[in-house]
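Notes follow the structure.
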Amino acid sequence: MAFVRRAGIALFAVALWLPSTPAPAGWKLIPRAQPVDIGGMIVTPLNDWNQSSAPPGKQGRAWTRDGFGLNGIEFFAGVASGQTLYRERNRKRNPMPRFQSSLLLPELADFFERSFRVRGQISDFSLLESTPVQFGGHRGLRVRYRYSLPNDDLVRKGEVRLVVVNRRLYVANFFAPELHYFPASLPEANAIMDSARF
Amino acid sequence: MTRRLGLTLAAAVLCVTTAGSVRAQAKPEFVRPPYAGAYEPQGIDERGLWMELDEGERALRDSPLVVGDPRLHDWVRSVLCKAVGFDRCQATRIYLVRDDSFNATMAPNGLMHVHLGLLARLHSEAELAVILAHEFAHFELRHSLYDFRNRRKGSDIIAWISLAGVATSQSTSAIQNGVVAGLFRFNRAQETAADLLAAAYVRASPYRLRASAPWRRLLEEDEALRSERKARKVRRYYPYVTDTHPTNLQRIAYFSVLEAEAGTRGDDGAEAYREVTNAIIGDLFAGLVKGNEFGAVDYVIRARGDALGWNGRLLAMRGELYRSRATPRDLSTAQAFFERATGYRDAPAEAWRGLGLTALRLGETAVGRSALAEYLKRAPRANDAGAIRLLLED
Amino acid sequence: MSIGRIGAALAALLCFHAMPLLAQEKGAVREGFSAGSLQGQKILLFHPAVWVGEQSTGGMPEPNADWTAQARTLLEAELRRRQNYFRNELIREPELVGLDARLFAAHRALFKAVAGSVMEYQFFVGNRLPTRKNKAFDWTLGSGTRQIASLTGARYGLFVVTEDQYGSVGRKIFQVLVAGVAGVGIQSGVHIGHAGLVDLHTGELVWLNADAAMGGDVRTAEGAAKRVDQLLEDFPGLKTPIAP
Chain A
1 MAFVRRAGIA
11 LFAVALWLPS
21 TPAPAGWKLI
31 PRAQPVDIGG
41 MIVTPLNDWN
51 QSSAPPGKQG
61 RAWTRDGFGL
71 NGIEFFAGVA
81 SGQTLYRERN
91 RKRNPMPRFQ
101 SSLLLPELAD
111 FFERSFRVRG
121 QISDFSLLES
131 TPVQFGGHRG
141 LRVRYRYSLP
151 NDDLVRKGEV
161 RLVVVNRRLY
171 VANFFAPELH
181 YFPASLPEAN
191 AIMDSARF
Chain B
199 MTRRLGLTLA
209 AAVLCVTTAG
219 SVRAQAKPEF
229 VRPPYAGAYE
239 PQGIDERGLW
249 MELDEGERAL
259 RDSPLVVGDP
269 RLHDWVRSVL
279 CKAVGFDRCQ
289 ATRIYLVRDD
299 SFNATMAPNG
309 LMHVHLGLLA
319 RLHSEAELAV
329 ILAHEFAHFE
339 LRHSLYDFRN
349 RRKGSDIIAW
359 ISLAGVATSQ
369 STSAIQNGVV
379 AGLFRFNRAQ
389 ETAADLLAAA
399 YVRASPYRLR
409 ASAPWRRLLE
419 EDEALRSERK
429 ARKVRRYYPY
439 VTDTHPTNLQ
449 RIAYFSVLEA
459 EAGTRGDDGA
469 EAYREVTNAI
479 IGDLFAGLVK
489 GNEFGAVDYV
499 IRARGDALGW
509 NGRLLAMRGE
519 LYRSRATPRD
529 LSTAQAFFER
539 ATGYRDAPAE
549 AWRGLGLTAL
559 RLGETAVGRS
569 ALAEYLKRAP
579 RANDAGAIRL
589 LLED
Chain C
593 MSIGRIGAAL
603 AALLCFHAMP
613 LLAQEKGAVR
623 EGFSAGSLQG
633 QKILLFHPAV
643 WVGEQSTGGM
653 PEPNADWTAQ
663 ARTLLEAELR
673 RRQNYFRNEL
683 IREPELVGLD
693 ARLFAAHRAL
703 FKAVAGSVME
713 YQFFVGNRLP
723 TRKNKAFDWT
733 LGSGTRQIAS
743 LTGARYGLFV
753 VTEDQYGSVG
763 RKIFQVLVAG
773 VAGVGIQSGV
783 HIGHAGLVDL
793 HTGELVWLNA
803 DAAMGGDVRT
813 AEGAAKRVDQ
823 LLEDFPGLKT
833 PIAP
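Those protein sequences? They're chains A, B and C, same order as listed.
Be aware that the first sequence starts at 1, since it is given in the numbering used here, and climbs by one per residue.
Be aware that the second sequence starts at 199, since it is given in the numbering used here, and climbs by one per residue.
Be aware that the third sequence starts at 593, since it is given in the numbering used here, and climbs by one per residue.
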């Protein structure tokens, strides 16, 4: 074979959001302090980040500083009605929920939870808080949650912003282990989300 | 080779047990043989190793996946003890795991996992008793899997298997030899042996033998899901060579025969099961309802409601399921469930939340706003109160 | 083999993983750390994190309680046996309850995640993050480790993690089919191990040994011994270094 792949499907791969898929073809450096357009959403990072060339969903981009098992931010811009947030791997056997533009603001939290659970095959997930927030200059929803991955004891946390503008969904989702990594990058994650324009 | 042995075993069990019931002779008194004690590590080194195993288990207590509800834990333990006897259940430590699948496992050091997904799908203490006894049977039959020299002699186990409805005929010895031969070689035979031993434990307990119903329901749940997804239905009787368990149909077959023999003697413990699990409907179903197996979960909730009765919490859960899928017809169906839920005394605040959101989605603004206001009144510090209030301000 | 089977096997090949062709780094040391740094310090040995299960033909790994218990027993015994190999005093993780117990458990879980990231994103040549490529070895568990230091009196913490997935029958059958067609070795199973040393005063990772293709069947005594050999290879605190 011409290209190199990882041996085996390790549990670490699950933690790193790479279940049974080939290794990403590469990474792109996102340099600090420069606004960057990610498919219709413009954000400005404070530090250098790495963008994966394997998008989490059709309208998505995923960034990490130290690897997705330690920190990650996903951005989704302009998900239309009938589309999924995360990529659907098997429509028949493992269907992804589809966004409906008629969803009410509080229901965006349910939609995110269901999508996130299917994405990671997660049984252990709880919504902590769901409050209004400004996002991209619009009135959106901020959801805080905690979860753990299958076969993994590490407690993880997340903070996601969601808003529907012109019947399309915009999402920015930051996630990291609760111990050290979540609090360490939360201020920057919030700054990036505050900087979002769409 | 594996397949043939498994089939032989199953067929032999069926033949012999059928023959036994036809004869309708005086059944042997079901008394458990004395328990020789859990595997005790031999010598200083092994004892040290066992302590290491136990230390490792301590970490489990801190796992986010373990449910730390003492009342729930004690109740599950009491069912196990009633099923296999107090001398046997002393060796076990039970951990309830936040997992939606129908499963329980037991490790050679006596550590037992019970998934919440199992409790969501069972309908009585008697059903739970057989499943827990099955896991315990694994423990009693194969705890020394990796240490052949020290393994306990299976003689009392053999006595059990002969009591387990397999009438005294020459086939008994064939099965015993088959089981002994298969025990350390073929996983599928081990599972069947554990099933037979579990049935034997339960028959010597105060519980009625209710072994086949959960497996029937699993089949129906599976079919409900395939039907919803419009996938080809498959009912497999003979396991494939890579399977480590008898198929559900095989289990149903031999359990049904054993149940017919055991008769109606014994308690179901349905009342107690209902009472304990009603208090944790949220824990049992929240994950299932938020998953993507609509057909299966709808079946599980309906089956529980039909068997153990409906209440505000269960109806609200069913409403959530339909609200999540949210086809236009689903929203109306969900609304009806939420409305019914609010009529119960134990109705959770979430019933009004669901009612309010579905009404708003259906364009019934006044009904929706009023229900959401009621939700906020009942749960002013709900974790999404801020979002709901914002909705009402518009 | 029929055309259909070749086609199917080749198609499946695209979804499965081949052996890595490029070399993979296995160890690193933080700048400024050496055997001398360990002088006179106590090392806390955390409970080894052991996971053993089965790999289904193409899906999620499934845990096996028996194998895990077996492997944990053997690996802990091996580590205990080698206490004399270390120049420093080795303290075992104490028995704790409640919040203290959770503190240790959480750090063990976090080490596993950090070590996995180092392996995936800095060691493995095919997937290095631009922000990590050719940069110094600089990873941390966070300063929460200070509490562990004060509870135990240890300055350094030694973590050991192993993860083994044995190929199931289905996977082995697939392996044979594919190997026959394309002559490529599809690895059945996963055998990963990490050993890492953390400065408990800062949370920084000062030494790491991370191997994605470990040898030894951890369910046997000989295999566990071989595995521990590989894990402690190049550990700076040993009286006699272990020959690779």
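C-beta atoms are modelled at their ideal positions from N, C-alpha and C, and glycine is treated no differently.
Check, Outcome
"Considering Pro-183 of chain A, what are the terminal residues of the alpha helix (DSSP H) in which it resides?", "181-195"
"How is Val-171 of chain A classed by DSSP in three states: helix, strand or coil?", "strand"
"Which residues in chain A have a C-beta closer than 9 Å to the C-beta of Leu-589 of chain B? List them in chain order.", "Leu-104, Leu-105, Pro-106"
"Could you confirm whether any beta carbon from chain A is found closer than 8 Å to the beta carbon of Ala-222 of chain B?", "Any reading at Ala-222 of chain B must be qualified, since the residue scores a pLDDT of 34, below 50, and its modelled position is unreliable; no value is offered."
"List the DSSP bridge partners of Trp-731 of chain C.", "DSSP, once it has assigned bridges, lists no residue as partnering Trp-731 of chain C."
"If distances are taken between C-alpha atoms only, which option among C:Gly-829, C:Val-790, C:Asp-756 comes closest to Ala-803 of chain C?", "The question names Ala, but residue 803 of chain C is Asp in the sequence shown. Looking at the Cα atoms, C:Asp-756 is the closest of the given residues."
"Which residues does DSSP pair with His-639 of chain C in a beta bridge?", "Paired residue(s): none; His-639 of chain C is not in a bridge."
"Taking contact to mean 3 or more Cβ pairs, one atom from each stretch, closer than 8 Å, check whether the stretch 36-51 of chain A and the stretch 184-196 of chain A are in contact.", "yes"
"Less than 8 Å between C-beta atoms, sequence neighbours within five positions excluded: which residues of the same chain meet that for Leu-830 of chain C?", "Tyr-677, Phe-678, Arg-679, Leu-824"
"Thinking C-alpha only, which one of C:Leu-671, C:Thr-754, C:Arg-747, C:Trp-643 is nearest Leu-630 of chain C?", "C:Arg-747"
"I need the DSSP call for Trp-508 of chain B, collapsed to helix, strand or coil.", "coil"
"Please report the Cβ distance between Ala-482 of chain B and Ala-318 of chain B, rounded to the nearest whole angstrom; I am assuming they are in contact, meaning their Cβ atoms lie under 8 Å.", "In the sequence on display, residue 482 of chain B carries Leu and not Ala. Indeed they touch by this definition, with Cβ atoms about 4 Å apart."
"So, helix, strand or coil for Gln-83 of chain A, using DSSP?", "coil"
"Pop quiz: Pro-56 of chain A and Asp-582 of chain B are said to be a contact at Cβ under 8 Å. What is the actual Cβ separation, rounded to whole angstroms?", "Between Asp-582 of chain B and Pro-56 of chain A the Cβ distance is about 25 Å, and since that is not below 8 Å, they are no contact."
"Does the beta-carbon of Ser-403 of chain B have 16 or more other beta-carbons within 10 angstroms, so that it is buried, or is it exposed?", "buried"
"Are the Cβ atoms of Val-70 of chain A and Ala-172 of chain A separated by less than 8 Å?", "Note that residue 70 of chain A is Leu in the sequence shown, not Val. No."
"From the DSSP output, in three-state form, read off Val-164 of chain A for me.", "strand"
"Give the C-beta separation of Pro-833 of chain C and Trp-799 of chain C to the nearest angstrom, bearing in mind that I take them to be a contact with Cβ-Cβ under 8 Å.", "Pro-833 of chain C to Trp-799 of chain C, Cβ: 13 Å. No contact."
"Using beta carbons (cut-off 8 Å, strictly below), is Arg-210 of chain A in contact with chain B?", "There is simply no residue 210 of chain A to check, as chain A begins at 1 and stops at 198 in what is shown."
"Taking all protein chains shown into account, do 16 or more other C-beta atoms lie within 10 angstroms of the C-beta of Val-717 of chain C, making it buried, or fewer, making it exposed?", "exposed"
"Report the neighbours of Gly-69 of chain A on chain C: residues whose CB is nearer than 7 Å to its CB, in chain order.", "Ala-705, Gly-708, Ser-709"
"Going by C-alpha distance, which of A:Ala-77, A:Ile-38, A:Gln-34, A:Thr-131 is nearest Ala-580 of chain B?", "A:Thr-131"
"Cα separation between Gly-554 of chain B and Val-495 of chain B?", "23 Å"
"Do Ile-683 of chain C and Ile-740 of chain C come within 8 Å of each other at the CB atom, strictly closer than that value?", "no"
"Using beta-carbon positions only, say whether Leu-588 of chain B and Arg-567 of chain B come within less than 8 Å of one another.", "no"
"Is Ala-54 of chain A close to chain B? Criterion is C-beta to C-beta, closer than 8 Å.", "no"
"Assuming Glu-755 of chain C is part of the alpha helix (DSSP H), what are its boundary residues?", "Segment 748-759 is the beta strand (DSSP E) holding Glu-755 of chain C; no alpha helix (DSSP H) there."
"What number of angstroms, rounded off, separates the C-alpha of Ala-532 of chain B from the C-alpha of Thr-556 of chain B?", "7 Å"
"Any beta-carbon of chain B closer than 8 Å to the one on Asn-94 of chain A?", "yes"
"Rounded to whole angstroms, what is the Cα-Cα separation between Leu-407 of chain B and Ala-327 of chain B?", "9 Å"
"So for Lys-351 of chain B, helix, strand or coil by DSSP?", "Residue confidence is low: Lys-351 of chain B scores 35 on pLDDT, short of 50, so the model does not pin down where it sits. No coordinate-derived value is stated."
"So the candidates are C:Glu-670, C:Arg-694, C:His-793, C:Val-753; which of them puts its Cα closest to the Cα of Lys-818 of chain C?", "C:Glu-670"
"Span of the beta strand (DSSP E) holding Phe-625 of chain C?", "Where Phe-625 of chain C is concerned, there is no enclosing beta strand (DSSP E), given that its DSSP letter is neither H nor E."
"Buried or exposed: which applies to Ile-355 of chain B, given that a residue is buried once 16 or more other Cβ atoms fall within 10 Å of its Cβ?", "In this predicted model, Ile-355 of chain B has a pLDDT of only 36, less than 50, meaning its place in the structure is not dependable; the value taken from the coordinates is given anyway. By the neighbour-count rule (16 or more Cβ atoms within 10 Å), Ile-355 of chain B is buried."
"Hey, Phe-174 of chain A and Ile-38 of chain A are a contact pair by Cβ (cut 8 Å); roughly how many whole angstroms apart?", "With 8 Å as the limit, Phe-174 of chain A and Ile-38 of chain A do not qualify as a contact, their Cβ atoms being about 14 Å apart."
"Between the C-alpha atoms of Gly-380 of chain B and Glu-338 of chain B, what's the straight-line distance to the nearest angstrom?", "At Gly-380 of chain B, the pLDDT of 30 sits below 50, so the modelled position is not reliable and the matter cannot be decided from this model."
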